[in-house]
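To keep things clear, I will list the structure first and then write my remarks on it.
Protein chains: 2
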Amino acid sequence: MTDNRSFKDIYEALRERIALLDYPPGSLLSENRLATEFGISRTPIRKVLQRLEFDGLVSVERGVGTIVAPIDMLYLKQVYELRLKLIDVIGEMDANWVSAEEIRKLRQLHDEVVAMADLGEPRELARAYLRFNEAVTRAIGNQPLKDIADRLFYLTARVWPQALPALDWRREVTIFAEEISACATALEEGDLPGLAATRRRHMIDCIHRINDYLGAFEVAGEPV
Amino acid sequence: MTDNRSFKDIYEALRERIALLDYPPGSLLSENRLATEFGISRTPIRKVLQRLEFDGLVSVERGVGTIVAPIDMLYLKQVYELRLKLIDVIGEMDANWVSAEEIRKLRQLHDEVVAMADLGEPRELARAYLRFNEAVTRAIGNQPLKDIADRLFYLTARVWPQALPALDWRREVTIFAEEISACATALEEGDLPGLAATRRRHMIDCIHRINDYLGAFEVAGEPV
DNA sequence: CGTCAGCAACTTGTATACAACCAGCGTACG
DNA sequence: CGTACGCTGGTTGTATACAAGTTGCTGACG
């Protein structure tokens, strides 16, 4: 493939592949393979991988390769704790104005998710999850906080998709659709504290469900 | 100079030069000059500069050079707001155990600062400021929060040193020494909420003093 | 005198050759 | 048979040549 895309495109592409588990935790990426895939040399690819390493999504190891970060629950527990706190902070601070167009797209996303109840495509649901995060992140007015929230989200973005096969599919779809709908309404009314409360509740419940089914938050590390 | 130091050393060196105003806001860095100074090629230098760009401390512009970020008060106001919120979050979350040795060094730093009252070396005071931040940051138990706090600190680290010449030197030294002492005591007693309250109060007061003397938080941007 | 084209001397971005390094396998030897 | 050594094919790290871009000066021309 000769794409010749810029840094931002490649960065977001690889980040999405990691979040969607296209690159499973622990898998090995090669700078050469990525370079030929994107039709460029190793140099700009290395820039992207170094950025992903800063983000904590991969670890570049000399002589070995670039390893997609394992899902380390001992560490991600800290990230979840922090995200919970930050959700409240977001609720207390200035908000960005969210256009009616954005809200419309969010409601459309809700309908798409509802329609997934019968199909059972985990990857599509994970994609919807990413788009949902994109939408609610856009409402954060404080720029550095927005950047931080985005980075922290991608650190934990793989946990739910990874756990999905072990959960009750229809139930997860229903609950997620409810969250989207509630957040869309909160955004519509400019009710930031309400948005925060909704997201906080759903995040806690989600962690509980995963924990009940898997005990994931007791164990550490995940094999490939 | 043929130093041959690793990424972390060069990164911290450049970050400190920016924080201490050795590289004034808006000044131009050249990859070639830095490469020859550190006795290496452009490649590892570029890695450092890209990281600093990600941190928001420089902006790399093709055909021009690498520009040390100007002190943009419109943006830094947002960073200060966020840091104030995060200070409270830090106070509510788990703490790292701070060794007696660390506390001793902090009290020694206090004495060094007190001794600066008569000398008037702004750069030395700024260095003490960095070391103080290092010490209190070390008490943050939540790893991602620690990283975030450190990055946000360096975004605003230049504001006080930059304003120092326009402030009352002896007063600033005295207040800063008090802050160090109060924080050392709070750390000693493991009183994280107390530490947060102290830092919050001093941060707000410091902003007020700078604002009173300069009106800095009303204007945006700073020339070279 | 003013203006504008073009050159010159920088800058960063990219491609590439090579150095350093790691893991696994095969083989020779104890 | 077991162990240890070294080779081999891969990886990332570094240096470097070149491409592409910006800025400012310089000089010719209106």
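From first to last, the protein sequence lines stand for chains E and A.
Per our numbering, the first sequence starts with residue 96, numbered consecutively.
Per our numbering, the second sequence starts with residue 96, numbered consecutively.
We put the CB at the ideal spot given by N, CA and C, even for glycine.
Fair warning: this is a prediction, and the values are worked out from it, not measured in the lab.
query: Listed by chain order, chain E residues near residue 142 of chain A by CB distance under 8 Å; result: 145
query: Straight-line Cα distance separating residue 157 of chain A from residue 107 of chain E; result: 22 Å
query: Cβ-Cβ distance between residue 173 of chain E and residue 239 of chain A below 9 Å; result: yes
query: Buried or exposed by the 16-neighbour rule on C-beta atoms within 10 Å, applied to residue 186 of chain E; result: buried
query: Proximity below 9 Å, CB of residue 338 of chain E to CB of residue 274 of chain E; result: The shown model of chain E, from 96 to 319, leaves out residue 338 of chain E, and the question about it has no answer.
query: Cβ-based contacts, 7 Å cut-off: residues of the stretch 211 to 238 of chain A near chain E; result: 237, 238
query: For residue 258 of chain E and residue 309 of chain E, believed in contact at Cβ under 8 Å, the rounded distance; result: 6 Å
query: Proximal chain A residues relative to residue 174 of chain E, where beta-carbon distance stays under 7 Å; result: 239
query: Rounded separation between residue 271 of chain E and residue 255 of chain E - CA only; result: 11 Å
query: Validate contact between the stretch 148 to 166 of chain A and the stretch 189 to 205 of chain A using beta carbons, cut 8 Å, 3 pairs; result: no
query: Inter-residue Cα distance where the pair is residue 236 of chain A and residue 177 of chain E; result: 11 Å
query: Start-to-end residues for the beta strand (DSSP E) that takes in residue 289 of chain E; result: Run containing residue 289 of chain E: none in the beta strand (DSSP E); it sits in the alpha helix (DSSP H), 287 to 309.
query: Chain E within 9 Å of residue 114 of chain A, Cβ atoms only; result: no
query: Any beta strand (DSSP E) of 3 or more consecutive residues that is wholly inside the stretch 115 to 200 of chain A; result: 153 to 156, 160 to 163
query: Stretch-stretch touch, CB-based, cutoff 8 Å, three pairs: the stretch 135 to 154 of chain A with the stretch 139 to 147 of chain E; result: yes
query: Residue 339 of chain E, enclosing alpha helix (DSSP H) - first and last residue; result: Look at the range of chain E in this structure, 96 to 319, and you will see that residue 339 of chain E is not part of it.
query: Residues of the stretch 165 to 192 of chain E whose Cβ lies closer than 8 Å to any Cβ of chain A, in chain order; result: 170, 173, 174, 176, 177, 180, 181, 184, 187, 188
query: Contact with chain E by residue 77 of chain A, beta-carbon distance below 9 Å; result: Residue 77 of chain A is absent from the model: chain A starts at 96 and stops at 319.
query: Alpha helix (DSSP H) segment containing residue 219 of chain A, residue limits; result: 217 to 232
query: Cβ of residue 315 of chain A within 9 Å of any chain E Cβ; result: Residue confidence for residue 315 of chain A is low, a pLDDT of 40 falling below 50, so the modelled location carries little weight and cannot support an answer.
query: Residue from A:224, A:126, A:154 with nearest C-alpha to residue 249 of chain A; result: A:224
query: Touch test, the stretch 282 to 297 of chain E against the stretch 205 to 221 of chain E, Cβ-Cβ under 8 Å, three pairs minimum; result: no
query: Amino acids of chain E, ordered along the chain, whose beta-carbon sits closer than 7 Å to that of residue 243 of chain A; result: 243
query: Beta-carbon proximity of residue 228 of chain A to residue 252 of chain A, cut-off 9 Å; result: yes
query: Residues bridged to residue 113 of chain A (per DSSP); result: Answer is none; residue 113 of chain A lacks a bridge partner.
query: Candidates E:280, E:153, E:111, E:208, of which the one nearest residue 123 of chain E by Cα; result: E:153
query: CA-to-CA distance, residue 182 of chain A to residue 146 of chain E, given in whole angstroms; result: 27 Å
query: Environment of residue 303 of chain E [buried if 16+ CB atoms lie within 10 Å]; result: exposed
query: Test: residue 124 of chain A CB closer than 9 Å to a CB of chain E; result: no
query: Reference residue 278 of chain A, options A:193, A:121, A:125, A:104, closest by Cα; result: A:193
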